[in-house]
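Take a look at the structure below.
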Amino acid sequence: MSVGVATQARARLRLLGGFQLFDSGGTPVRLTSRRARGLLALVYLEGDAGVPRDRVCGLLWSDRPEDQARASLRQCLFELKAALGALADTVLEVGREQLIARADWLDSDLAQVRRTLAATAEEDYAPLSSLLSRGPLLDGLEIPGLFQDWLDQSRAALEASIAADVVSCLGRLEAQGQWDKARGLADAYLRRDPLHEAAAAAAIRAELASGQPAAAQRRFQAMKRLLSEELGVAPGGVLTRALAQPSKAPEPGALSSAPAAVEAASRPVLAVLAFDNLSGDPQMAYLSDGVSEEIQQTVAQGSDLKVIARSSSFQFRGPEKAVRDVAAQLQATHLLDGSVRHSGARVRISAQLVQCDGEIILWADSFDGEIDDVFALQERIARSVAQALRATLSAPTPAPVQVATDIYVLFLKARGIISEGGHLYDDTAGSAAPLLEQVVAAAPDYAPAWELLAKARALVLRSVRRGTDYAEGRDGVLAAAETALRLDPRRGGAYEALALLEPWGAYGARESLLQQALSVAPNDPGVLTDMSTFCWSVGRFHEALALAEHACELNPLMPAAHLQVAQMLTYVGDYEASIRMHQEIYQRWPRNFPILISLLNFAASLGFWDVYRRFVGEAEQFSGWQATYLRESVRYATALASTDPAPRQELANRYAALVAKSGTVPLNYLDGLSMLGLTEQALDLAGRASFAHVFDPDGPLPSGSFPGTILGPWSALNKTPRFIDLCDRLGLCAYWVHSDRWPACVEWTPYDFKAEVRRRAGA
């Protein structure tokens with residue numbers, strides 16, 4: 021949902037609570053027709069791109085044939101123009117096929133809320149109290165048919181968006197020590213959503229920082245009672261941590277706009293287990309897995325429930341489904357389990373929802389139907405689960421496309437292949453792509469298949485084993501992604517695929533695509549991890565940590581998710597917590613190469629030599645390219661621990677030879693030299709190296725050239741103004757200036773980082 025920001029408004033809309041329209045003098049403009057009010061609100065909320073007439077007709081007159089709906093639209097526009105008078109041509113542009121609200125002339129209370137929340141700490145937040153206390157979007161404007169579905173979804177999206185903006189604003193206020201304003205804003209938002217734990221936690225921190233521990237304690241107890249009465253749950257970690265650490269002010273960005281900060285930690289956590297295949301045919305395991313995953317995705321995408329990712333919950337099968345064990349490992353409050361029995365044209369899906377505490381069955385049922393009805397059966401189960409957990413499930417838009425059973429099984433098989441692998445260092449996506457080609461050929465209107473095909477093609481294109489011409493592969497990804505989004509704009513995986521096409525140095529383009537993916541898939545661990553990696557790469561470490569933590573909560577049995585959190589803890593300066601977590605997760609996954617090399621590198625760089633010595637022997641179990649990387653890591657640690665300058669210079673000479681041979685150098689090598697006390701040599705080396713591949717769409721993935729590597733608080737590289745030249749050559753200076761979103765290192769560099777970046781970008 022897009023909302024324009026008027027600069028010279030001649031009219032103003034009230035959207036929060038009941039609909040109202042005012043002229044520039046504040047006089048109400050009366051619109052007697054309910055559909056006229058709905059039309060103006062719809063076109064305004066859909067944004068600058070406008071709304072096709074066909075879509076308006078379909079939403080407002082869904083019960084009428086096309087010719088009657090178009091005639092009704094013309095009549096409604098006539099009534100609207102008569103009511104608006106001189107304002108008509110100013111606020112509404114009526115084209116032959118499109119209707120567009122003139123955002124430069126039409127303002128709204130919703131736009132005012134967003135402008136205020138995006139402003140600096142000097143902003144007066146007092147008006148927000150009355151704005152946020154208003155009712156839901158377009159309260160009372162109920163129009164039967166598809167408009168109501170659109171309105172329900174718009175309300176849900178708006179509430180999530182406002183919550184994200186509030187939390188982001190609170191983070192800025194806390195980082196600047198604006199405790200009174202933070203508390204005022206938190207109180208204003210809590211009048212809109214009394215159960216929002218992140219806002220309550222911000223208010224508690226503000227009260228503690230202002231020397232009001234009694235008020236903080238009263239607020240905590242009040243929230244505890246409210247959560248118990250309304251949801252039957254205890255306060256989550258975000259609240260308990262706020263009260264338990266009164267002396268520690270939050271780091272800048274500790275509250276971010278990421279969905280992880282928005283979602284209350286105390287709400288139900290649902291794990292959907294892989295349904296048992298009772299069909300007697302092992303091949304039908306794809307159907308039983310697919311049914312449970314469809315239910316999992318429907319609940320996750322259509323509600324505000326926290327739903328554990330497939331890659332974690334599907335690890336439990338058969339006798340391993342003991343409720344207590346699953347709940348403990350996944351930190352789930354509720355489990356959905358079931359079975360699928362397929363015989364001929366008939367299918368029976370049985371499901372039960374279990375409350376983990378006490379192992380209480382909250383709901384159980386069986387659903388019988390034709391195999392071609394499997395979509396409707398999955399939807400019914402998802403709605404029953406959401407209802408049992410007191411959640412609202414949005415209606416599917418557009419309506420599900422019916423797919424023949426054999427084609428649907430192919431889709432489920434391909435999705436299972438990618439879910440179990442599907443990353444840049446294997447070829448699973450290559451084996452899934454041909455299956456998806458068959459699916460889209462047989463069912464060209466099935467958006468999920470196009471989405472998955474776009475992702476598979478992008479993974480193949482970026483894989484280290486790619487054998488496809490880049491231009492040809494790019495066209496294939498674009499075609500699949502654009503088709504998926506045309507059929508269903510909610511397909512976040514399509515945006516992920518498009519982001520993979522961009523060169524690493526196209527920071528703005530990649531961020532925009534990942535933000536779009538997050539907007540439609542805010543609880544997808546893959547999207548969260550991708551955005552976390554992006555934030556890390558441009559130095560926004562607190563945001564990266566918040567996103568990684570949320571992904572880890574949703575994917576608790578994936579080593580990579582835990583490793584991302586452990587690494588980001590290092591970048592926000594919590595070294596001890598990072599090293600402790602590295603050790604814990606390596607002991608949990610003792611043959612995981614990425615965890616071990618990360619543990620060894622950070623332990624050596626940060627001086628945790630006892631930990632380094634305890635784990636360095638583990639390198640002997642690895643061979644091949646992994647052993648090569650580990651030997652290089654040990655060589656670096658040996659030089660770092662030595663008081664003899666010879667090993668350090670030998671390493672510098674090796675890196676110089678690499679630049680002479682390849683023309684470039686990984687950024688982690690430069691950071692390593694700075695840790696060895698050779699900062700000037702490292703920067704000299706960077707000056708001789710090329711980083712053109714960072715901007716080449718067909719270039720290799722950056723690997724050791726992730727820019728975040730050199731932006732950490734321990735690095736001596738970023739402590740000298742010479743560092744800015746390297747940032748500029750990596751495209752970072754232009755990104756920081758253009759986006760006005762700055763890396764965390766502005767807090768610790770001993771020079772005016774922003775001024776140097778602006779000077780270099782201007783030059």
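Each position in the sequence shown, counted from 1, maps to that position plus 20 in the numbering used here. For every residue, glycine included, the Cβ atom is placed at its ideal position computed from N, Cα and C.
In the assembly as shown, PRO770 is an exposed residue. Its beta-carbon has fewer than 16 other beta-carbons within 10 Å. Ranked by Cα distance from ARG633, the options GLY644, GLN646 and LEU616 are led by LEU616. Scanning its chain for C-beta atoms nearer than 7 Å, with the 5 sequence neighbours on each side dropped, one finds around TRP470 the residues VAL460, ALA500, THR503, ALA504 and LEU507, in chain order. DSSP, reduced to helix, strand and coil, places TRP768 outside both helices and strands of the structure shown, so it counts as coil. Contact between LEU59 and LEU100 is confirmed by a C-beta separation of about 7 Å, below the 8 Å threshold. For the options ALA56, LYS244 and SER128, the alpha carbon positioned closest to that of ILE163 is the one of ALA56. Each residue's CA atom was taken as its position, placing TRP756 and PHE773 some 11 Å apart. Around the beta carbon of ILE182, a 10 Å sphere encloses 16 or more other beta carbons of the protein chains shown; the residue is thus reported as buried. Between LEU151 and the set LEU210, CYS747 and ALA305, the nearest pair of CA atoms involves LEU210. Of CYS747, LEU33 and ALA463, the smallest CA-CA separation from TYR428 is found for ALA463. Take the alpha-carbon of THR590 and the one of SER598: they are about 5 Å apart.
Here DSSP, grouped into helix, strand and coil, assigns PRO576 to coil. Spanning the alpha carbons of PRO733 and GLU313 requires a straight line of approximately 41 Å. Taking a 10 Å sphere around the C-beta of ALA242, we find fewer than 16 other C-beta atoms and assign the residue as exposed. Annotation: the continuous alpha helix (DSSP H) that includes PHE613 extends over 613-625. A Cβ-Cβ contact shorter than 9 Å links VAL654 with LEU620.
Taking 9 Å as the cut-off, the beta carbon of LEU178 is found no closer than this to the beta carbon of LEU137. If the five residues before and after ILE224 are omitted, its C-beta is found closer than 8 Å to the C-beta atoms of ALA236, ARG239, PHE240, LEU259, ALA262 and LEU263, all from its own chain and listed in chain order. Taken through DSSP and simplified to helix, strand or coil, HIS216 comes out as coil.
LEU409 is a Cβ neighbour of PRO288, given a cutoff of 9 Å. Taking the Cβ atoms as the reference, PHE295 lies roughly 12 Å from VAL394, outside the contact range of under 8 Å. The secondary-structure analysis by DSSP pairs ASN297 across a beta bridge with VAL360. Counted as a single uninterrupted DSSP element, the beta strand (DSSP E) harbouring SER128 occupies residues 126-128.
DSSP places LYS341 in the coil class of the three-state scheme, outside both helix and strand. Out of ALA106, GLY105 and LEU79, the CA that lies nearest to the CA of LEU93 is found in LEU79. Excluding its 5 nearest sequence neighbours in each direction, THR553 has no C-beta neighbour in its own chain below 7 Å. Taken through DSSP and simplified to helix, strand or coil, VAL497 comes out as helix.
Straight-line measurement puts the Cα of ALA226 at about 50 Å from the Cα of ARG494. In terms of CA proximity to SER153, ARG212 leads the group SER128, ASP109, ARG212 and CYS189. The alpha-carbon of ASP357 is positioned some 19 Å away from that of GLY322. Beta-carbon to beta-carbon, LEU161 and PHE39 are separated by about 5 Å, close enough to satisfy the 8 Å threshold. Between SER333 and GLN316, the C-beta gap is smaller than 9 Å, which places the two residues in contact.
The three-state reading of DSSP puts GLN351 in coil, since its state is none of H, G, I, E or B.
Judged by their CB atoms, LEU750 and LEU737 are not nearer to each other than the 9 Å cut-off. Rounded to whole angstroms, LEU215 and ASP324 show a C-alpha spacing of 13 Å.
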